[in-house]
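For the working numbering, add 42 to where a residue sits in the sequence shown, where the first one is 1.
All remarks here apply to the structure that follows.
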Amino acid sequence: VIAGHAAAVERAGELLKAAGARRVLPLPVSAPFHCSLMAPVQPRLREVLEGFSFQAPRVPVITNVEAAPNSDPGRIVELLVAQVTAPVRWVETVQRMVELGVSRVIEVGPGKVLSGLVRQTDKSIEAVACDDPEGLEKLLGTGG
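Now the structure itself:
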């Protein structure tokens with residue numbers, strides 16, 4: 043994945059095609075996520091996140107910054123801020139989940155992009171998407 047100014051990303055795509063790339067797929071995103079162009083939003087994101095009280099998670103969080111489990115709330119906040127400009131370590135993250143025994147991933151929210159990417163990365167993981175509370179309750183077996 044390449045992130046940056048739209049014209050530069052487009053030019054990179056042209057160069058990749060000219061060099062023989064089999065496929066160049068522009069992603070429909072609203073901002074240049076995961077690159078230095080997002081640095082101006084980091085202070086505000088940190089400010090917003092520091093307005094919440096975080097507890098240690100029951101299940102460690104694996105961020106796309108370190109591709110490693112973390113249970114320290116303060117460190118997780120720092121990694122959330124860092125991920126805005128850091129490259130995504132997707133394959134490493136999915137591999138780490140498999141190493142830790144993850145066999146099912148549930149994508150919560152609109153869309154199915156991440157669950158599709160999980161399936162492409164490692165077919166041993168069951169990846170499902172859920173975009174509403176009722177569906178999530180049913181999926182988790184907690185609905186009434």
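Built from N, CA and C at the ideal position, the CB exists for glycine as well.
All values derive from a computational prediction rather than experimental measurement.
Check each candidate in the options and name the one with the smallest Cα separation from residue i.
| i | options | result |
| --- | --- | --- |
| Pro-66 | Phe-75, Gly-55, His-76, Gln-162 | In the sequence as presented, Pro is not what sits at residue 66; that position holds Val. The shortest Cα separation from Val-66 among Phe-75, Gly-55, His-76, Gln-162 belongs to Gly-55. |
| Met-139 | Gln-162, Ile-104, Ala-48, Gly-116 | Ile-104 |
| Phe-94 | Val-119, Met-80, Thr-127, Pro-175 | Val-119 |
| His-47 | Gly-153, Val-71, Ala-63, Lys-59 | Val-71 |
From the DSSP secondary-structure annotation, give me the bridge partner or partners of residue i.
| i | result |
| --- | --- |
| Glu-168 | Arg-146 |
| Pro-152 | DSSP lists no partner for Pro-152. |
| Val-126 | In DSSP, Val-126 forms no bridge with anything. |
| Val-112 | Reading off the sequence shown, one finds Asn at residue 112, where the question assumed Val. Note: Asn-112 sits in a beta bridge opposite Val-103. |
Assuming residue i contacts residue j (C-beta within less than 8 angstroms), just tell me the rounded distance between them.
| i | j | result |
| --- | --- | --- |
| Val-130 | Thr-163 | The Cβ separation is near 12 angstroms, so there is no contact. |
| Phe-96 | Pro-111 | With 8 angstroms as the limit, Phe-96 and Pro-111 do not qualify as a contact, their Cβ atoms being about 16 angstroms apart. |
| Arg-160 | Val-126 | The sequence given here has Val at residue 160, not Arg. At roughly 22 angstroms, the Cβ-Cβ gap does not stay under 8 angstroms, so Val-160 and Val-126 are not in contact. |
| Ser-113 | Ala-98 | 5 angstroms |
| Ala-109 | Glu-92 | Not quite, the Cβ-Cβ distance comes to about 24 angstroms (not below 8 angstroms), so this is no contact. |
Here's a check: name, in chain order, each residue in its chain whose Cβ is nearer than 6 angstroms to the Cβ of residue i, leaving out the five neighbours to either side.
| i | result |
| --- | --- |
| Ala-45 | Pro-74, His-76, Cys-77 |
| Leu-58 | Val-66 |
| Val-51 | Ile-44 |
Sorted by chain position, which residues of the same chain lie with C-beta nearer than 7 angstroms to residue i's C-beta, five sequence neighbours on each side aside?
| i | result |
| --- | --- |
| Ile-148 | Val-170, Cys-172, Leu-181 |
| Leu-178 | Val-150, Cys-172 |
| Ser-157 | Val-147, Glu-149, Ala-169, Val-170, Ala-171 |
| Pro-152 | Asp-173 |
| Lys-154 | Ala-171 |
Would you mind stating whether residue i and residue j have Cβ atoms separated by less than 8 angstroms?
| i | j | result |
| --- | --- | --- |
| Leu-121 | Val-101 | no |
| Val-144 | Ile-167 | yes |
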